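Per my numbering, the very first residue in the sequence shown carries number 268; after that it's consecutive.
Just so you know, even glycine gets a beta-carbon here, dropped at the ideal spot from N, CA and C.
Remember, predicted model here, so these are calculated numbers, not experimental data.
Structure first, commentary second.
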Amino acid sequence: MERLKVTSADQGDRVVISPCGEIDMATAGCLRTELVEAEVDLVRRGTAPVIEIDMSQVTFMDCSGLRVLVPFRWRLMDAGGSLCLTHVPPRVHRVLVPLGLDRLLEAPA
């Protein structure tokens with residue numbers, strides 16, 4: 268099993284989170300923790316919680332990742348913010364498309 272490393276970068280108006288590795292049942296909690304920390308930081312600054320997730324280094328994602336991303340997107344939208352995925356590799360895109368989540372989560376081209 269490949270471990271998941273998650274880094275974040277403050278871009279002023281948003282936080283870019285970059286997971287690297289597999290997002291599955293064993294690692295999804297790590298992604299969730301990073302998302303919550305980014306949201307708290309943005310809200311503390313008084314800005315809308317805008318989070319971009321750069322998926323370019325994700326080697327695998329199953330429904331465990333979706334169980335983190337979808338509710339978190341709704342949570343941010345309720346707070347006046349947003350969450351989007353960028354640089355989604357084909358292996359992750361294939362998980363999103365059958366459920367229509369590519370249109371919900373991926374940043375417009």
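query = Going by DSSP, what residues sit across from L336 in a beta bridge?
reply = Within the sequence shown, numbered from 1, the residue matching residue 336 stands at position 69. Answer is none; L336 lacks a bridge partner.
query = Taking the C-alpha atoms as reference points, what is the distance between A276 and C297?
reply = As a first step, residue 276 is located in the sequence shown; it is residue number 9 there, counting from the start. As a first step, residue 297 is located in the sequence shown; it is residue number 30 there, counting from the start. Cα to Cα, A276 sits roughly 16 Å from C297.
task = Return the chain-ordered ranges of every beta strand (DSSP E) run that is complete within the stretch 276-311 and spans a minimum of 3 residues.
result = 282-290
ask   = Roughly how many angstroms lie between the CA atoms of V359 and V303, to the nearest whole one?
value = Here the question's residue 359 lines up with position 92 in the sequence shown. Here the question's residue 303 lines up with position 36 in the sequence shown. Spanning the two alpha carbons is a distance of roughly 22 Å.
ask   = Measuring CA to CA, which of L366, H354, S323, D308 is closest to L343?
value = The residue given as residue 343 occupies position 76 in the sequence shown. Ranking the options by Cα distance to L343, first place goes to D308.
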